[in-house]
Amino acid sequence: MFTFFSRSQTSGGKGGWQRIGLTSDFPDIDSPENNGDCRVTSQCKAFTIPKTPTPGASSAPVEAEIDGPLEDLKDQVLVFKYKGKVHAIDHQCPHSSFPLSQGSLFDIEDFGITLSAGITCPKHDWSFDLFSGQADRGNYKLKVWEVQLRDLSDPKEGGDDEKEVWVRRKQRIG
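Per full-length UniProt numbering, the sequence shown runs over residues 1 to 174.
Right, dumping it as structure tokens:
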């Protein structure tokens, strides 16, 4: 079919895909228990996934400390569930390199119709679309990661609705 794609790019563990946990590991931020508080920090996880693997080092993602030093944000992905959908984005704001785990989530609406979802960086109040990464001002773009929810490799690991969460950097086209 697509001869220029190798089989390994689409199968689990290959092509940059990293397993980061189960869907139950990420509580829904917009659930009624949160009383309308859509801050990311309490419900998200950050993982360090280097762009280029270090020889001899494990390629498995390492869970990062959300409140860790700012200089450690470079290779981190922030993963959370907002309104039932799992999102993965760069942990640092592309405008100010501030941790987006301290940001707030919101719906992008027009005349009461929800068009998309966004995150606001608390440092300068810049907002980014969670699907496209586009900023609300300037030419800055947040890096959005691909997310796949896969069936469990071991069915005994979770319930009927449980899935594995896999992420990878979006592939550049061209």
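Quick reminder that beta carbons are idealized off the backbone N, C-alpha and C, glycines included.
9 Å Cβ cutoff met for A46 and V86:
Not in contact: A46 and V86 (Cβ atoms no closer than 9 Å).
Quick check on this structure: which residue in D67, K123, G15 and D90 has the alpha carbon closest to the alpha carbon of V144?
D90
Just the C-alpha distance for T48 and D136, rounded to the nearest angstrom, thanks.
27 Å
Expressed to the nearest angstrom, what Euclidean distance is found between the alpha-carbon atoms of L105 and T52?
30 Å
Determine the contact status of P50 and D72, defining contact as a CB-CB distance below 9 Å.
D72 is positioned such that its CB atom lies no closer than 9 Å to that of P50.
Limits of the unbroken beta strand (DSSP E) element including I119:
I113 to T120
As assigned by DSSP and simplified to three states, the class of D151:
Here D151 sits in coil by DSSP.
Cβ contact (3+ pairs, closer than 8 Å) linking the stretch 16-30 and the stretch 156-174
Result yes; three or more Cβ-Cβ pairs closer than 8 Å.
Span separating the alpha-carbon of K81 from that of F26:
6 Å
Length of the line joining the Cα atoms of T114 and K83
Near 12 Å, if we compare the C-alpha coordinates of K83 and T114.
Between S96, G16 and P99, which has its C-alpha nearest A60's C-alpha?
G16
Given this structure, state the Cα-to-Cα distance separating S132 from P94, to the nearest angstrom.
Distance between the alpha carbons of S132 and P94: 14 Å.
What's the C-alpha gap between F128 and R150?
27 Å
Let me make sure I understand the geometry here. Which of S153, H124 and N139 has the alpha-carbon closest to that of L100?
H124
Between the Cα of Q134 and those of G118, A64 and Q148, spot the shortest distance and give me the residue it belongs to.
Of the candidates G118, A64 and Q148, the one whose C-alpha sits nearest the C-alpha of Q134 is G118.
In the DSSP assignment, find the beta strand (DSSP E) that holds A46 and state where it starts and stops.
K45 to T48
Between V79, K141 and V147, which has its C-alpha nearest S96's C-alpha?
Taking only the C-alpha atoms, the option nearest S96 is K141.
Measure the CB-CB distance between D28 and Q43 and report whether it falls below 9 Å.
yes
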